[in-house]
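Here the structure is laid out as structure tokens; the discussion comes afterwards.
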Amino acid sequence: MIRYFINIITGAWSLIIGLMVTLKNTLRRAVTIQYPTQKLPMTERFRGLVDLRVEKCIKCYQCVKICPTGCLAITHSETPEKKKELVTFKYNMELCCFCGFCDQVCPTQAIYMSKIYEIATYGHEKLHIDLLNPEKYREWLNPTVK
Ligand code: SF4
Ligand code: SF4
């Protein structure tokens, strides 16, 4: 008989504890957001898609050499005044492991990890990116929320 009442009391007490936890968290500010209609700003060190400040590139090829997956490819030409000009700067995002080595090794901060992360696509061809094209990430910068 005593055991019966002890069970009722401990059961009621654990119910009260549970309800107190629920009440406490109900009054707290939500830590989740309504993604994709709401988005958080990415942190300073977030590594999104690789991007390029074309005017800063000195064509040293260090990013190409250090890339562990070989997803960067550059070609350049030389003017009669021996000035180097970029001809192509390809980035194969399919191979990129987002290690950030290219960003770290670049002496002029020309190549860098952007904050773009919404990179879903239906075709492989869209993952082969021309970093010289200023419109390359337009679609991913303003993804349509369906
Ligand atoms: S983040 Fe890493 S894998 Fe991607 S391009 Fe840079 S060095 Fe290559
Ligand atoms: S390391 Fe920087 S400066 Fe050198 S080729 Fe790559 S992007 Fe250009």
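Per the working numbering, residue 1337 is the first one in the sequence shown, and the count goes up by one each step.
The beta carbon of each residue, even a glycine, is placed where N, CA and C say it ideally should be.
Predicted model only: the values in this text are computed from it and were never measured.
>> I'd like to confirm something about isoleucine 1353: is its beta-carbon nearer than 6 Å to some heavy atom of ligand 2, or not?
In response: Indexing the sequence shown from 1 puts residue 1353 at position 17. Not so, every heavy atom of ligand 2 lies at least 6 Å from the Cβ.
> What residues are listed by DSSP as bridge partners for phenylalanine 1425?
Replying inline: Here residue 1425 refers to the residue found at position 89 of the sequence shown. In DSSP, phenylalanine 1425 forms a bridge with Ile1410.
> Grouping DSSP H, G and I as helix and E and B as strand, with all else coil, what is lysine 1420?
Replying inline: By one-based count along the sequence shown, residue 1420 stands at place 84. The answer is strand: DSSP assigns lysine 1420 an E or B state.
> Looking at tyrosine 1373 and ligand 2, is the gap between the Cβ and the nearest heavy atom below 6 Å?
Replying inline: Taking the sequence shown and counting its residues from 1, one reaches residue 1373 at position 37. One point to set straight first is that residue 1373 is threonine, not tyrosine, in the sequence displayed. For ligand 2, not one heavy atom lies less than 6 Å from the Cβ of threonine 1373.
>> When you compare the region 1461-1470 with the region 1419-1430, are there three or more beta-carbon pairs, one atom per stretch, that lie closer than 8 Å?
In response: yes
> For the beta strand (DSSP E) that methionine 1449 lies in, which residues bound it at each end?
Replying inline: The residue given as residue 1449 occupies position 113 in the sequence shown. From DSSP, the beta strand (DSSP E) with methionine 1449 extends over 1447-1449.
> Hey, how far is the Cα of isoleucine 1342 from the Cα of lysine 1360?
Replying inline: Looking up residue 1342 in the sequence shown gives position 6. Looking up residue 1360 in the sequence shown gives position 24. Roughly 27 Å separates the two Cα atoms.
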